[in-house]
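K.L.:
FYI, the numbering for the sequence shown is 2 to 388, going by our numbering. Below is a structure I'd like to ask you about.
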Amino acid sequence: MSTTDDWITTPITADLLRGALDLERTERGLLPHRLPARARAQNNDGQLAMAESQPSGVRLALRTRATALELDTLPTKRVYAGAPPRPDGVYELLVDGRPAGRGSVAGGNTLTIDMTTGTVDLAPGPAGTLRFTDLPGGSKDIEIWLPHNETTELVALRTNAPVEPGRDPGRRVWLHHGSSISHGSDAAGPTTTWPALAASLGGVELVNLGFGGGALLDPFTARAMRDTPADLISVKIGINVVNADLMRLRAFGPAVHGFLDTVREGHPTAPLLVVSPILCPVQEDTPGPLAPDFSGGGVRFVATGDPAERASGKLTLNVIRDELSRIVRERAAEDENLHHLDGRELYGAADAVDLPLPDGIHPDAATHRLIGERFAELAFADRGAFA
2 MSTTDDWITT PITADLLRGA LDLERTERGL LPHRLPARAR AQNNDGQLAM AESQPSGVRL
62 ALRTRATALE LDTLPTKRVY AGAPPRPDGV YELLVDGRPA GRGSVAGGNT LTIDMTTGTV
122 DLAPGPAGTL RFTDLPGGSK DIEIWLPHNE TTELVALRTN APVEPGRDPG RRVWLHHGSS
182 ISHGSDAAGP TTTWPALAAS LGGVELVNLG FGGGALLDPF TARAMRDTPA DLISVKIGIN
242 VVNADLMRLR AFGPAVHGFL DTVREGHPTA PLLVVSPILC PVQEDTPGPL APDFSGGGVR
302 FVATGDPAER ASGKLTLNVI RDELSRIVRE RAAEDENLHH LDGRELYGAA DAVDLPLPDG
362 IHPDAATHRL IGERFAELAF ADRGAFA
């Protein structure tokens, strides 16, 4: 049995991590980021800053004979005023690609958010320890997927045998950008967000730039995608633009063109899939902005716009779907590797009957699985964009 005298502390460095675009040195350790420093410097939105620091799709990848390991982290947990407490973030362990354990880290910082006033309060807290024991002997590949929805500073890694960076799996890299739905919303864990499930089924390495509330066609996100090595690229556009009431139809089309132009500067021939929004009944034909509703004891979201405002250029999901379909069709005449997928093929009207969105806009764990399986079938199978 291992004792504390057996532990080997290994510095956490970039070559032990996958799925992050940057590592920030903090007072306690390292903070993985999913946007590079230059992009973060150009952002003034606290919501996006929080979302990109939550390591959806980021994982430690190790090769080791260790049978026990400990990971010290400093999580930042969110509390929404007026809403039920959120569960602790989940870490998931894979050994040679197979699920081998899961756990959480207690303590940490607490970020209290009041959605009605927009105020945020941060209370500092202590780091905690994640521990996995009784791992199989012999050399093996280990991945520790970090919580997809909990900012996680990496403090220390200890094992009872030496570790080295995980082997290059030799798989294609899939770079994906989207909203909180792509970020993971209410998935059961980091390996079961719909992009993580689809990547597993498609046999690819995921870089997930899904940002809760942050898929807003920001030029700095497009430049980050341009500069990130990738073999396959997808962009899921629409829901945040509508629920933030960010722009009108006149601005939306040129913004989409500009975003795609920038991505193409770095990836001129890679398969590029533009995905329109999944079904979201509250905003199919009603413009934003979106507002929280606490009247039922939990939180639901409602659209506060007027459907008649579509005539003046306000955006709804159906308006955006039509515009994205047109843009891709016209661009594809000169870009044979540009593809379009209607998001309602991933989650549509019939699905909403059996698997309604619990808060009106976010899929639950079962729906994440449904979307991931359908995306894999539509994108990675024969004649799909990523075949």
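Cβ atoms here follow ideal geometry from the backbone N, Cα and C, with glycine treated the same way.
Per DSSP, Glu25 is paired with what?
P.N.:
What you label residue 25 is simply residue 24 of the sequence shown in a count that begins at 1. Beta-bridge pairing links Glu25 to Leu32.
K.L.:
Measure the Cβ-Cβ separation of Leu250 and Val320 and say whether it is below 8 Å.
P.N.:
As a first step, residue 250 is located in the sequence shown; it is residue number 249 there, counting from the start. As a first step, residue 320 is located in the sequence shown; it is residue number 319 there, counting from the start. Contact: yes.
K.L.:
Can we say the stretch 212 to 229 touches the stretch 159 to 166, given the rule of at least three CB pairs closer than 8 Å?
P.N.:
no
K.L.:
Going by alpha carbons, who is nearest to Glu154 out of Asn110, Thr134, Arg19?
P.N.:
In the sequence shown, residue 154 corresponds to position 153, counting from 1. Closest option to Glu154, Cα to Cα, is Asn110.
K.L.:
Where Leu371 and Pro255 are concerned, what is the direct C-alpha to C-alpha distance, given to the nearest angstrom?
P.N.:
The count along the sequence shown starts at 1 and reaches residue 371 at position 370. The count along the sequence shown starts at 1 and reaches residue 255 at position 254. In a straight line, the C-alpha of Leu371 is about 32 Å away from that of Pro255.
K.L.:
For Leu112, tell me which candidate among Ala84, Lys237, Ala124, Pro37 has the shortest Cα-Cα distance.
P.N.:
For the purposes of this step, residue 112 is taken as residue 111 along the sequence shown, with counting starting at 1. Looking at the Cα atoms, Ala124 is the closest of the given residues.
K.L.:
Per DSSP, what are the beta-bridge partners of Lys141 in this structure?
P.N.:
Here residue 141 refers to the residue found at position 140 of the sequence shown. Per DSSP, the beta bridge partners of Lys141 are Thr65.
K.L.:
So, helix, strand or coil for Thr118, using DSSP?
P.N.:
By one-based count along the sequence shown, residue 118 stands at place 117. Three-state result, Thr118: coil.
K.L.:
Report yes if the CB atom of Arg60 is closer than 8 Å to the CB atom of Trp146, and no otherwise.
P.N.:
Residue mapping note: residue 60 aligns to position 59 of the sequence shown, counting from 1. Residue mapping note: residue 146 aligns to position 145 of the sequence shown, counting from 1. Yes, these two residues count as a Cβ contact at 8 Å.
K.L.:
Applying the 10 Å Cβ sphere with the 16-neighbour rule, what's the burial state of Gly83?
P.N.:
As a first step, residue 83 is located in the sequence shown; it is residue number 82 there, counting from the start. With fewer than 16 other Cβ atoms within 10 Å, it is exposed.
K.L.:
Do Ala21 and Arg35 count as a contact pair if the criterion is CB distance below 8 Å?
P.N.:
To locate residue 35, count along the sequence shown from 1; it is residue 34. To locate residue 21, count along the sequence shown from 1; it is residue 20. Yes.
K.L.:
Report back the beta-carbon spacing between Leu32 and Tyr92 to the nearest angstrom; my notes put them in contact at under 8 Å.
P.N.:
By one-based count along the sequence shown, residue 32 stands at place 31. By one-based count along the sequence shown, residue 92 stands at place 91. Incorrect: roughly 16 Å between the Cβ atoms, too far for contact.
K.L.:
Ile234 and His268 look like a contact to me (Cβ under 8 Å); what is the Cβ gap, rounded to whole Å?
P.N.:
Taking the first residue of the sequence shown as position 1, residue 234 is located at position 233. Taking the first residue of the sequence shown as position 1, residue 268 is located at position 267. That belief holds up - the Cβ atoms of Ile234 and His268 are roughly 6 Å apart, short of 8 Å.
K.L.:
I need the boundaries of the alpha helix (DSSP H) containing Trp195, first residue and last residue.
P.N.:
Locating residue 195 in the sequence shown gives position 194, counting from the first residue. Taken as a continuous stretch (DSSP letters only), the alpha helix (DSSP H) holding Trp195 covers 195 to 203.
K.L.:
Compute the distance between the beta-carbons of Asn150 and Gln55, then report whether it is under 8 Å.
P.N.:
The residue you call residue 150 lines up with position 149 of the sequence shown. The residue you call residue 55 lines up with position 54 of the sequence shown. Yes. Within cutoff.
K.L.:
Consult DSSP for Val80 and reduce its assignment to one of helix, strand or coil.
P.N.:
In the sequence shown, the residue the question calls residue 80 occupies position 79. Residue state, collapsed to three classes: strand.
K.L.:
Mind checking who Thr153 pairs with in its DSSP beta bridge?
P.N.:
Counting from one through the sequence shown, the residue named residue 153 turns up at place 152. Its beta-bridge partners are Pro76.
K.L.:
Beta strand (DSSP E) containing Asp294: first to last residue?
P.N.:
Here the question's residue 294 lines up with position 293 in the sequence shown. Residues 291 to 294.
K.L.:
Straight-line CA distance for Gly126 to Ala107?
P.N.:
For this step, residue 126 is matched to residue 125 along the sequence shown. For this step, residue 107 is matched to residue 106 along the sequence shown. Roughly 10 Å between the two C-alpha positions.
K.L.:
What is the rounded straight-line gap between the Cα of Ile240 and the Cα of Asp142?
P.N.:
Taking the first residue of the sequence shown as 1, we reach residue 240 at position 239. Taking the first residue of the sequence shown as 1, we reach residue 142 at position 141. One C-alpha to the other measures close to 37 Å.
K.L.:
In its own chain, which residues sit with a C-beta less than 6 Å from the C-beta of Pro308, not counting the 5 before and 5 after it?
P.N.:
Against the sequence shown, residue 308 aligns to sequence position 307. Within the same chain, Pro308 has close Cβ partners Asp286, Thr287.
K.L.:
How should Met2 be labelled, buried or exposed, when 16 other C-beta atoms within 10 angstroms of its C-beta is the threshold for buried?
P.N.:
The residue labelled residue 2 in the question sits at position 1 within the sequence shown. Reliability fails at Met2, whose pLDDT of 43 lies under 50, so the model's placement of it is uncertain and the value that follows must be treated cautiously. With fewer than 16 other beta carbons inside 10 angstroms of its own, Met2 counts as exposed.
K.L.:
Looking only at C-alpha atoms, which of Gly129, Arg99, Thr118 sits nearest to Leu136?
P.N.:
The sequence position of residue 136 within the sequence shown is 135, counting from 1. Among Gly129, Arg99, Thr118, the Cα nearest to that of Leu136 is on Arg99.
K.L.:
What residues are listed by DSSP as bridge partners for Val276?
P.N.:
Taking the first residue of the sequence shown as position 1, residue 276 is located at position 275. Lys237, Leu342.
K.L.:
Using the rule of at least 16 other Cβ atoms within 10 Å of the residue's Cβ for burial, across every protein chain shown, is Glu335 buried or exposed?
P.N.:
Residue numbering aside, residue 335 sits at position 334 when the sequence shown is read from its first letter. With fewer than 16 other Cβ atoms within 10 Å, it is exposed.
K.L.:
For Ser180, count neighbouring C-beta atoms within 10 Å of its own C-beta (all shown protein chains included) and say buried if the count is 16 or more, exposed if not.
P.N.:
Counted from its first residue, the sequence shown places residue 180 at position 179. With 16 or more other Cβ atoms within 10 Å, it is buried.
K.L.:
Do three or more CB pairs link the stretch 325 to 335 to the stretch 355 to 373 at distances below 8 Å?
P.N.:
They do not touch, by the three-pair rule.
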